[in-house]
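Participant: Residue numbers (my numbering): 5 to 428. A virtual CB, placed ideally from N, CA and C, is assigned to each residue, including glycine. Encoded as structure tokens, here's the structure I'll be asking about.
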Ligand SMILES: Cc1cc2nc3c(=O)[nH]c(=O)nc-3n(C[C@H](O)[C@H](O)[C@H](O)COP(=O)(O)O)c2cc1C
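See below:
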């Protein structure tokens, strides 16, 4: 035994050591400048949108994080969207010149630097007091289209004034009271919104059980739990309590609760006739969001819409609904030459975006991805989200051997396609 050890020790030749020279140490000692601005520091530390999500989880009260992060009922739709995306595999090409990658694309007749749109999300000032204005500024400076929600906590006029030259869409719920809808449509037109995006998957509000379990209310109410939480997230509570109260800013006359508003806003009687009515009222581009049935999409095209967004509301409405990415190829095959087809649901990276583009989507809408950024680091966090999505999209295209969006094709993706889809 002792002999073996002796052999082992004597066969390892000792490293030849010497003192390092100063000239060699110099280049290694490059301390990074310390970023004193907390939001910018946190944003820069995130190497992915998943990192921003992890930071967000620490920064805001659990009820707020869960409101964004969660889905309806058992969250089957939510999990399925991620798992379908994660199942996708690329089939890359090499020996292609990808030295000049160009991720820009045309969305409804206008150039966009990347094939991404910021989806409409309600109550955004609850995630961070800078809310929709921060999202709009970050989107505007990246050249990304921002779709403001009817349920926004900043008015459509204020957003228009903040980013006057930038591309903006307004998301509409058709109210039971059509006169109110008309008022919003006219205001959106007057404020220079390029497109209306009508959401149709909200016959009634979905059941978000995390919100129920967390006792979530909008605006957040002060109770015993809140006081305890305040100690853990003092900056968030300070921000909330020292900025103007949360309100549905585009619906200035609204006095009721959120539940009452939802009951008034979401019209379970909404039908194709209402869509035809809206088409007559709005001369600009019209998009319908919240479709997963090819027949519904065909009906929308017949009414004259310019684009459809295949979406199940990020898994927040009907649980067990079709996964948008699963049905995308059939939509593209049937309607791709008649309308623009966009998609959303759980897109977290440029690589995710490229998968959808390969399958024929014109663009991808992201909701949570920028909200994680907003909760993690305010405007700097949203900027980080768009920066990450852009660099990841470019890198993926280069590694895939596809220098432009036109080079992305279904042959570059494997691992998708539920055979049962064929039966529908
Ligand atoms: C917190 C939150 C609020 C939302 N609010 C709205 C809304 O007011 N109107 C709407 O049409 N869609 C709304 N959505 C759905 C998004 O527009 C989009 O369909 C969905 O977020 C896409 O999934 P992703 O968040 O995983 O990207 C909301 C989504 C989230 C996460």
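1) Please name the residue in 398, 389, 412, 418 whose C-alpha comes closest to that of residue 52.
2) Determine the burial state of residue 216: buried for a count of at least 16 other Cβ atoms within 10 Å of its Cβ, exposed for fewer.
3) Please report the residue range of the beta strand (DSSP E) in which residue 60 lies.
4) Under 8 Å by Cβ, that's how I've got residue 417 and residue 84 pegged, so tell me the actual separation to the nearest angstrom.
5) At a cut-off of 6 Å, would you count residue 328 as near ligand 1, judging by its Cβ distance to the nearest heavy atom?
6) Taking 8 Å as the cut-off, does the segment 117-133 touch the segment 159-170 (at least 3 CB pairs, one atom from each stretch)?
7) Might you give, ordered along the chain, the residues of its own chain that have their beta carbon closer than 6 Å to the beta carbon of residue 195, omitting 5 neighbours on each side?
8) Let me make sure I understand the geometry here. Which of 46, 397, 158 has the alpha-carbon closest to that of residue 63?
9) Going by beta-carbon coordinates alone, are residue 120 and residue 393 separated by less than 7 Å?
10) Buried or exposed for residue 8, please, with buried defined as at least 16 other CB atoms from any protein chain shown within 10 angstroms of its CB.
11) In the DSSP assignment, the beta strand (DSSP E) including residue 50 goes from what residue to what residue?
12) Using the C-alpha atoms, what's the distance from residue 199 back to residue 407?
13) Please classify residue 17: does DSSP put it in a helix, a strand, or coil?
14) Determine the direct distance from the alpha carbon of residue 213 to that of residue 319, and round the result to whole angstroms.
15) Between which residues of its own chain and residue 2 is the CB-CB distance below 6 Å, once the five residues before and five after are set aside?
16) Which runs of the alpha helix (DSSP H) spanning at least 4 residues fall entirely within the segment 123-177, listed in chain order?
17) Could you check which residue in 340, 378, 373 has the C-alpha nearest to that of residue 361?
18) When the distance is taken between beta carbons, is residue 290 closer than 7 Å to residue 313?
19) With a threshold of 16 other CB atoms inside 10 Å of the CB of residue 114, please say whether the residue is buried or exposed.
20) Would you mind stating whether residue 326 and residue 363 have Cβ atoms separated by less than 7 Å?
21) Sorry if obvious, but does the Cβ on residue 126 come closer than 6 Å to a heavy atom of ligand 1?
22) Output the distance between the C-alpha atoms of residue 246 and residue 375, rounded to the nearest integer angstrom.
23) Since residue 351 contacts residue 298 with CB under 8 Å, what's their CB separation in whole angstroms?
24) With distances taken between CB atoms, is the gap from residue 122 to residue 222 smaller than 7 Å?
25) Give a single yes or no on whether residue 430 has its beta carbon closer than 6 Å to a heavy atom of ligand 1.
26) How should residue 172 be labelled, buried or exposed, when 16 other C-beta atoms within 10 angstroms of its C-beta is the threshold for buried?
27) Taking Cβ positions, are residue 279 and residue 307 nearer each other than 7 Å?
28) Who are residue 203's beta bridge partners in DSSP?
29) Where residue 10 and residue 17 are concerned, what is the direct C-alpha to C-alpha distance, given to the nearest angstrom?
30) Suppose the cutoff is 7 Å on Cβ atoms and the five residues either side in sequence are ignored; what does the same chain contact list for residue 175 look like?
31) Ligand 3 heavy atoms versus the CB of residue 372: any closer than 6 Å?
32) Roughly how many angstroms lie between the CA atoms of residue 22 and residue 28, to the nearest whole one?
33) According to DSSP, is residue 310 helix, strand or coil?
34) May I ask which residues mark the beginning and end of the alpha helix (DSSP H) holding residue 212?
35) Is there at least one non-hydrogen atom of ligand 1 closer than 6 Å to the beta-carbon of residue 348?
36) For the segment 70-81 against the segment 230-241, do three or more pairs of beta-carbon atoms, one drawn from each stretch, fall closer than 8 Å, so that the two count as touching?
Facilitator: To lay it out plainly:
1) 389
2) exposed
3) Looking at the DSSP string, residue 60 is not in any beta strand (DSSP E); the run it does join, the alpha helix (DSSP H), is 53-63.
4) A Cβ-Cβ separation of about 18 Å leaves residue 417 out of contact with residue 84 under the 8 Å criterion.
5) Between ligand 1 and the CB of residue 328, the shortest heavy atom gap is not smaller than 6 Å.
6) no
7) 160, 161, 164
8) Checked all of 46, 397, 158; the closest Cα to residue 63 is 46.
9) yes
10) Because the pLDDT at residue 8 is just 46, under 50, the model does not fix this residue reliably, and the point stays unresolved.
11) Here residue 50 belongs to no beta strand (DSSP E), and DSSP marks it neither H nor E.
12) Spanning the two alpha carbons is a distance of roughly 29 Å.
13) coil
14) Each residue's alpha carbon lies about 12 Å from the other.
15) This structure does not reach residue 2, given that the chain is present from 5 up to 428, and the question cannot be answered.
16) Runs found: 128-131, 135-146, 160-166.
17) 340
18) no
19) exposed
20) no
21) yes
22) 21 Å
23) Not a contact, Cβ separation roughly 21 Å.
24) Going by C-beta atoms, residue 122 is not nearer than 7 Å to residue 222.
25) Nothing can be reported for residue 430, as the shown portion of the chain is limited to 5 through 428.
26) buried
27) yes
28) 293
29) Residue placement at residue 10 is flagged as unreliable, the pLDDT there being 47, under the threshold of 50; a coordinate-derived value is accordingly withheld.
30) 124, 151, 152, 153, 154, 201, 203
31) Among the ligands present in this structure, namely ligand 1, ligand 3 is not found.
32) 12 Å
33) coil
34) Residue 212 -> no alpha helix (DSSP H), and no H or E assigned at all.
35) At least one heavy atom of ligand 1 is nearer than 6 Å to the Cβ of residue 348, so yes.
36) no
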